[in-house]
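What follows is a short report on a single structure.
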Amino acid sequence: KQDFPKINLIFQSFGPFRRLKRNFIPFLYSSVLEKMKVGEILIPTWLNHKWLKKKIFMEIDQENLQMIPRNYIELSYMFYKNDKKFLKSIPVQITLIEELFSIRNSKLKMGLILLKIPIRAFKLENIGEIELINYKKILQIQLQVNNFIHA
1183 KQDFPKINLI FQSFGPFRRL KRNFIPFLYS SVLEKMKVGE ILIPTWLNHK WLKKKIFMEI
1243 DQENLQMIPR NYIELSYMFY KNDKKFLKSI PVQITLIEEL FSIRNSKLKM GLILLKIPIR
1303 AFKLENIGEI ELINYKKILQ IQLQVNNFIH A
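The sequence shown begins at 1183 in the working numbering and counts up by one.
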């Protein structure tokens, strides 16, 4: 909304910001700038109804987890809690995010059930933070069971 000087933080610097020019900065910093009436947060492309629907169909059709923003659940929650009108006016997006999360969790569970070989570790790609936290314990137990069976 207006020109703003460069912001120097401990780990990173942002700006300077020019009026009517889009800048891509982390949500926490942009929410502070928005509260100061310096800028405005626009809807991210991954919260678009069509993008979410496309990802849901891709998750269903393809075997591997699809690329999504790493913290998509946390960010959508923060958008919702910080009174972002583009989420409150369209509850369908929240439902789509929940559906995407559910499908991805089902994939993770099925992957663990189908895991039948003795291994010590494996790599999870394209998994979100909350998804990883939810299944950390299940992953550990499943690995112990598989290794015990094959020992």
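C-beta: ideal position from N, C-alpha, C; glycine also.
According to DSSP, residues forming a beta bridge with residue i
| i | result |
| --- | --- |
| PHE1239 | Looking at the DSSP assignment, PHE1239 forms no beta bridge with any residue, so it has no partner. |
| ILE1189 | PHE1196 |
Environment of residue i [buried if 16+ CB atoms lie within 10 Å]
| i | result |
| --- | --- |
| GLN1194 | exposed |
| ARG1286 | buried |
| ILE1192 | exposed |
| PHE1239 | exposed |
| TRP1199 | Reading off the sequence shown, one finds Phe at residue 1199, where the question assumed Trp. Looking at its Cβ environment, which holds 16 or more other Cβ atoms inside 10 Å, PHE1199 is buried. |
| GLU1241 | buried |
| LEU1296 | exposed |
| LEU1224 | exposed |
| ILE1250 | buried |
| SER1258 | buried |
| GLU1313 | buried |
| GLN1184 | exposed |
| ILE1255 | buried |
Contact with chain B by residue i, beta-carbon distance below 8 Å
| i | result |
| --- | --- |
| GLY1293 | No chain B appears in the structure shown, which is made up of a single protein chain. |
Anticipated Cβ contact below 8 Å, residue i with residue j, distance rounded
| i | j | result |
| --- | --- | --- |
| LEU1282 | HIS1231 | About 12 Å separates the two Cβ atoms, so there is no contact after all. |
| VAL1220 | PHE1186 | 5 Å |
Item to complete: Would you check if the segment 1316-1326 and the segment 1244-1262 touch, i.e. whether three or more CB-CB distances between them fall below 8 Å?
Response: no
Worksheet item: If we count Cβ pairs, one from each stretch, closer than 8 Å, do we get three or more for the segment 1204-1216 versus the segment 1239-1251?
Response: no
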